[in-house]
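Novice: Once you've had a glance at the structure underneath, I'll fire off some questions.
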Amino acid sequence: MGGAFEMTSEVRRAVRYARERKGIDITVLDLRHVSTATDFFVIASGRSDLQVRAIAEHILDSAKRDGNRPDHVEGLKEGRWVLLDYIDYVVHVFHPAVRDFYRLETLWGDARSTVVEDD
40 MGGAFEMTSE VRRAVRYARE RKGIDITVLD LRHVSTATDF FVIASGRSDL
90 QVRAIAEHIL DSAKRDGNRP DHVEGLKEGR WVLLDYIDYV VHVFHPAVRD
140 FYRLETLWGD ARSTVVEDD
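Those letters in the sequence shown? Residues 40 to 158, by our numbering.
Dropping the structure here:
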């Protein structure tokens, strides 16, 4: 389900930070009408475990400089699927094989989504 929607400034910045580390296949899901757990998912992929960690660390460090600290972080050491939970939005950074296995975009298929074009 597609459709344009307004993202918060924090979500837009998370997308920008993922792009700064060459994140690929970036998608934002608007969950406000389908879930009470969070408002948005930012989903991105890196091409390797090392790149997944680099993207996630850059988002963490940059968001902290903005005064935004995550409530919870998972998977940073392994670099296969890193989850950064900022309460109002959650960032998922995946290795492509793991992203293909879990298919969050399909699982949350009722959410509005927008794909951020790669450079």
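Here a beta-carbon is modelled for each residue, glycine too, at the ideal position from N, C-alpha and C.
The structure displayed is predicted, hence computed values, not measured ones.
Going by DSSP, what residue range makes up the beta strand (DSSP E) through Tyr56?
Specialist: Element bounds for Tyr56: not the beta strand (DSSP E) but the alpha helix (DSSP H), 48-59.
Novice: What are the partner residues of Phe80, as DSSP defines its beta bridges?
Specialist: Leu68, Val129
Novice: Using only the alpha-carbon positions, how far apart do Val54 and Leu123 sit?
Specialist: Distance between the alpha carbons of Val54 and Leu123 is about 13 Å.
Novice: Using a Cβ-Cβ cutoff of less than 6 Å, which residues in the same chain neighbour Trp120 once the five nearest sequence positions on both sides are dropped?
Specialist: Gly114, Phe133, Val137
Novice: Nearest-angstrom Cα distance between Ile21 and Arg142?
Specialist: Here the chain covers residues 40 to 158 and nothing more, so residue 21 does not appear.
Novice: With DSSP run on the structure shown, which of helix, strand or coil describes Ser74?
Specialist: coil
Novice: Would Asp64 and Arg71 qualify as a contact pair, given that the criterion is a beta-carbon distance under 8 Å?
Specialist: no
Novice: Quick one, which of Phe140, Gly85, Val50 has its alpha-carbon nearest Ser101's?
Specialist: Val50
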